[in-house]
Amino acid sequence: MRDCKIILLALLLMLFSFSLKAQENNKTKFVHPGILNTRASLDLISTQLKAGDTMRTAAYQKVLDFIKDHEYPTSFPSTIVVGSNGATSPSKTQIRKDCELVYAFALAWAATGNTDCAKKAIGLLNGWAYAFKDYGLLAGKTNPNQPDLEASWTTPSFVAAAEIIRHYKVKGKSAGWAAADIEQFSKYLVNVKDNYINKIPDYKNNWDASAGYAKMAIGVFLNNDTAYRAGHDLLVKELPNVIQLDGTLPELCVRKDCVHYQYSLTAYAYAAAIAKIQGDDSLWEISNKNISLGYDFMRKAYEQKTGCDYCDLNSRIFPGVEVAYGQYNTDNLKYLRDLQAPLGVPIDNTFLGFTTYTHYKVKGL
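When you line the sequence shown up against mature numbering (1 follows the signal peptide of the UniProt record, and there is no 0), it's residues -22 to -1, 1 to 343, in that order.
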């Protein structure tokens, strides 16, 4: 009997060991940089830029123009005050602008090796990481969950810049971001993830899409498989609600504008691109390529063929179009990107931009 118990205990320990190994094998082994850009893609566009490639140079000018047109901050607020339906404040305006500006500086450093660009990117990352404490609400009819959405928009852009500054090297030289500062930035990410992004309500629209994308981006930087998987699973769950099986995005008619449904498309395109870098093409392919069908719907919206005529050929194109075009190469996506290429940043600074520079004809992304 004693021998049987020993054998049984040994078997249980063996099964437990196998279970742990299986869990470990299922975890994502993160690639860095891994937020829309890779080491290979940054090398390629930098080489093309230095060679005087006309298209790449014109697209890179969008990066330089954004840097030139926006003042570098001298201080960073500890509380970001936000409001719903376009209501704004100086702190909300600043963080949205700064998350694009830091990405522009990171791309400029990767392209040129200019140490001043690296220092300015690090200054922005550190400025917000050390100063930020919380979100506040504007008086009036502000959705109490608006901070959750705002954090879902700005955080991935900061993370995309941070991935480049932390992991990319120009001619073997790193940007020089100190380990203590990286740790502080990581704490900032945990703060906004746990206290805001994770509390997004189940609205079955761009809120869910933005939160899923943000969690995936944060998961990559933190090497946190739990956060990454939570974002991925949220996007899979909400896809049929956000982009229906025929490609229809209900937000076009519900929100009565040409913007909110593009938030959803952009979030899904960026999340799918992150997943692909991490070795998983499934978001691009899921539900018979729903993301592609969503962009087919977008073309119909721009041509006013959906019955909800809130777009026209002069409406702004969000930069997710370029990323999706690189994946699907459809006529509809080519039509959309050609309307306004080279693409810069969204007019409201909600999602990272410059995708024509980073993605147009860049294989493997």
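A virtual CB, placed ideally from N, CA and C, is assigned to each residue, including glycine. Note that the coordinates shown come from a computational prediction; the quantities given were computed from them, not determined experimentally.
By the Cβ neighbour-count rule, Gly154 is exposed, with fewer than 16 other Cβ atoms within 10 Å of its own.
Partner residues in the beta bridge of Gly114, as assigned by DSSP, are Val59. For Thr120, same chain residues with a beta-carbon under 8 Å away, outside a window of 5 residues either side, are Val60, Gly61, Ser62, Ala65 in chain order. Residue pairing from DSSP places Lys151 in a beta bridge opposite Val148. Beta-carbon to beta-carbon, Tyr273 and Asn310 are separated by about 6 Å, close enough to satisfy the 8 Å threshold.
Taking the C-beta atoms as reference points, Leu22 is found no nearer than 8 Å to Ala89.
Around the C-beta of Asn292, fewer than 16 other C-beta atoms lie within 10 Å, and the residue is accordingly described as exposed.
It is roughly 44 Å from the alpha-carbon of Leu103 to the alpha-carbon of Gly285. DSSP, read as helix, strand or coil, puts Ser130 in helix.
Scanning Lys40, Gly91, His10 for the CA closest to the CA of Ser24 turns up Gly91.
About 5 Å separates the beta carbon of Ala247 from that of Val301, a gap short enough to meet the 8 Å contact definition. For the options Leu343, Thr333, Lys341, Gly342, the alpha carbon positioned closest to that of Ala36 is the one of Thr333.
Within its own chain, the residues whose Cβ lies closer than 6 Å to the Cβ of Asp235, once the five positions on either side in sequence are excluded, are Tyr288, listed in chain order. Contact holds between the segment 125 to 145 and the segment 185 to 194, because three or more Cβ pairs, one in each stretch, are under 8 Å apart.
Here DSSP, grouped into helix, strand and coil, assigns Phe136 to helix. When rounded, the separation of the alpha-carbon atoms in Phe275 and Leu227 is 7 Å.
Between Pro134 and Ala205, the CB-CB gap reaches or exceeds 8 Å.
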